[in-house]
Amino acid sequence: MIEQSEQQRMMVSEIRKLAESFDAAYWRDLDRKQEFPWAFYRALSEGGWFGITIPEEYGGHGLGMVDAALVARELARSPGGFNGVMSVHTNMFGLEPIMKYGTHEQKLRFLKPIAEGQHMMAVAITEPDAGFDTTKIRTRAVRDGKGYRITGRKTWLSRLRESKTVLIVARTTPLDEAEKKTKGISLFVANADDPAISATRIPALGRHTVPSYDVGIDGLWVPEENLIGTEGEGFYHLLNVLNPERISVAAEAVGLGQLALDRACRYARERVIFDRPIGANQAISFPLAEGCTRLEAAWLMVLHAATLYDAGQPCGTQSNMAKYLAAEAAYEVSHRAIQTFGGHGYAVDNDVERLWRESRLALIAPISQEMIMNYVAEHVLDLPRSH
Ligand SMILES: Cc1cc2nc3c(=O)[nH]c(=O)nc-3n(C[C@H](O)[C@H](O)[C@H](O)COP(=O)(O)OP(=O)(O)OC[C@H]3O[C@@H](n4cnc5c(N)ncnc54)[C@H](O)[C@@H]3O)c2cc1C
Numbered sequence: 176m177i178e179q180s181e182q183q184r185m186m187v188s189e190i191r192k193l194a195e196s197f198d199a200a201y202w203r204d205l206d207r208k209q210e211f212p213w214a215f216y217r218a219l220s221e222g223g224w225f226g227i228t229i230p231e232e233y234g235g236h237g238l239g240m241v242d243a244a245l246v247a248r249e250l251a252r253s254p255g256g257f258n259g260v261m262s263v264h265t266n267m268f269g270l271e272p273i274m275k276y277g278t279h280e281q282k283l284r285f286l287k288p289i290a291e292g293q294h295m296m297a298v299a300i301t302e303p304d305a306g307f308d309t310t311k312i313r314t315r316a317v318r319d320g321k322g323y324r325i326t327g328r329k330t331w332l333s334r335l336r337e338s339k340t341v342l343i344v345a346r347t348t349p350l351d352e353a354e355k356k357t358k359g360i361s362l363f364v365a366n367a368d369d370p371a372i373s374a375t376r377i378p379a380l381g382r383h384t385v386p387s388y389d390v391g392i393d394g395l396w397v398p399e400e401n402l403i404g405t406e407g408e409g410f411y412h413l414l415n416v417l418n419p420e421r422i423s424v425a426a427e428a429v430g431l432g433q434l435a436l437d438r439a440c441r442y443a444r445e446r447v448i449f450d451r452p453i454g455a456n457q458a459i460s461f462p463l464a465e466g467c468t469r470l471e472a473a474w475l476m477v478l479h480a481a482t483l484y485d486a487g488q489p490c491g492t493q494s495n496m497a498k499y500l501a502a503e504a505a506y507e508v509s510h511r512a513i514q515t516f517g518g519h520g521y522a523v524d525n526d527v528e529r530l531w532r533e534s535r536l537a538l539i540a541p542i543s544q545e546m547i548m549n550y551v552a553e554h555v556l557d558l559p560r561s562h
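First residue of the sequence shown: 176, per this note's numbering; consecutive thereafter.
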């Protein structure tokens, strides 16, 4: 077992205290009203919790992925679940493409305000016709004077309207002219409120306090100093930063699962039917015990991946496996939490239905379980590539 340092134990205890001061009623209300949790966002910002992995010279704490995973799990385990942790995800854990490929000046301009909680940045990768095949994106960035003019369509952009800036992935060389399909993609930072960007909220299953949008980009001009990394190499820049996102989402899924498990166990101890607590029935207790076991295994894989990442070692397999195991465990446990509550689990006021809706997301984004299996089949088992 990987031991936590004294500093990590204190950090976890402090973030827990702050996050738990926003109770289940706060989240239930905002989820119903589909409103962004600004009070929660401000409390974390004022508490100095943003920029966990952003270097100190850019306003962050310069901590590692193990620290980030500990904080992510704790936040998701607090009553907010994914509604809470995913509202502050980019502020807390940074924007890896800029951290890794941005210039010193770009980091000061784009990362520092995020670490200091002045504003948020959205990320615009997904397109309606490209899905998980990012090489098929059609959003174009064409040279125009001392900058680029961007036109295209994006979808599922989280917090776009709540953010000040947006990282846009666009083709600087069309697919049929590119040397190979992974070339000719570039990364840009733009103002999210530019009039050339239109956005419509997507009605969604869950995570109602963190909206996602369908977005049109119509002739958006971006100065050349907002190009991140090397023109045409954006796909590789993205590939190189996937692991931290997978690790932090996996940690969040473990936290969400633990929240559902805690709620279910409390209910199973208290609810008396047929003259005994329902938790005395193995039909109720075994699935919860199994869920607890799965969550613990997923957490160990999260720590394993995060430790490798912090040591600068390859961790693609472990990050993918952690995300896979954590998403499965969170979904299964939140499903069992509803079953434990019986009819009461179907009621909004008991929160477990919200956790189950939220848990569904981790099976799809930021990468689906199927795409992880593709990765493991190809890279671990040396089986032929499927796509
Ligand atoms: C709530 C939410 C928030 C999001 N936030 C953002 C954001 O802020 N920014 C952003 O850019 N994106 C965001 N996304 C997008 C997300 O990261 C996924 O990339 C996107 O949903 C995948 O595209 P798609 O739905 O078109 O799936 P598709 O690519 O159409 O895939 C559909 C299904 O087919 C499966 N599939 C496809 N190809 C294969 C294959 N070769 N083998 C096996 N299975 C396959 C997939 O696993 C999936 O189950 C968000 C998504 C959601 C739901």
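C-beta atoms are modelled at their ideal positions from N, C-alpha and C, and glycine is treated no differently.
Shown here for A473: same chain residues with a beta carbon closer than 6 Å to its own, the five before and five after excluded, namely V429, L500, A501, A504 in chain order. The residue among V260, A243, L245, A244 with its C-alpha nearest the C-alpha of A251 is V260. Remark: three or more beta-carbon pairs, one from each stretch, lie closer than 8 Å, so the segment 379-399 and the segment 325-344 are flagged as touching. Excluding the 5 residues flanking it on each side, E195 has same chain C-beta neighbours closer than 8 Å at S253, P254, in chain order. In the three-state reduction of the DSSP assignment, P254 falls in the coil class, being assigned neither a helical nor a strand state. When DSSP states are grouped into helix, strand and coil, N266 belongs to the helix group. At least one heavy atom of ligand 1 falls within 7 Å of the beta-carbon of R382. For P349, there is no enclosing alpha helix (DSSP H), as DSSP marks it with neither H nor E. Pairing A458 with E471, the inter-Cα distance amounts to about 21 Å. In the structure shown, P452 falls within a strand segment according to DSSP collapsed to helix, strand and coil. With fewer than 16 neighbouring CB atoms inside 10 Å of its own CB, F449 falls in the exposed class. Using a cutoff of 7 Å, the CB of N549 counts as near ligand 1, since one of the ligand's heavy atoms is closer than that. Excluding residues up to 5 positions away in sequence, A439, P462, L463, G466 lie with their Cβ nearer than 7 Å to the Cβ of R511 in the same chain.
Contact between R376 and L536 does not hold, since their C-beta atoms are separated by about 16 Å, which reaches or exceeds 8 Å. Sequence-distant partners of K321 (beyond 5 residues in either direction) whose C-beta falls short of 7 Å from its own C-beta, in its chain, are P398, E399. Boundaries of the alpha helix (DSSP H) around A214: 213-221. Between T340 and F285, the beta carbon gap of about 6 Å places them in contact (Cβ cut-off 8 Å). Non-local C-beta neighbours of V364 in its own chain, meaning closer than 6 Å and more than five positions away in sequence, comprise F285, T340, L342, N401, ordered along the chain.
Across the structure, G409 and H264 are spaced so that their CA atoms are roughly 22 Å apart. In terms of Cα proximity to W224, the closest of V241, R207, E189 is E189. As a beta-bridge residue in DSSP terms, W396 pairs with R324. Distance check between A244 and each of N418, E210, T348, A345 places N418 closest, using alpha-carbon atoms only. K355 is classed as exposed because its beta carbon has fewer than 16 other beta carbons within 10 Å across all chains shown. In this structure, S333 lies away from A435, with their beta-carbon atoms at least 8 Å apart. DSSP places G391 within a strand segment (E or B) once states are collapsed to three. In chain order, L193, S196, F197 place their CB closer than 8 Å to the CB of A218, counting only its own chain and leaving out the 5 sequence neighbours on each side.
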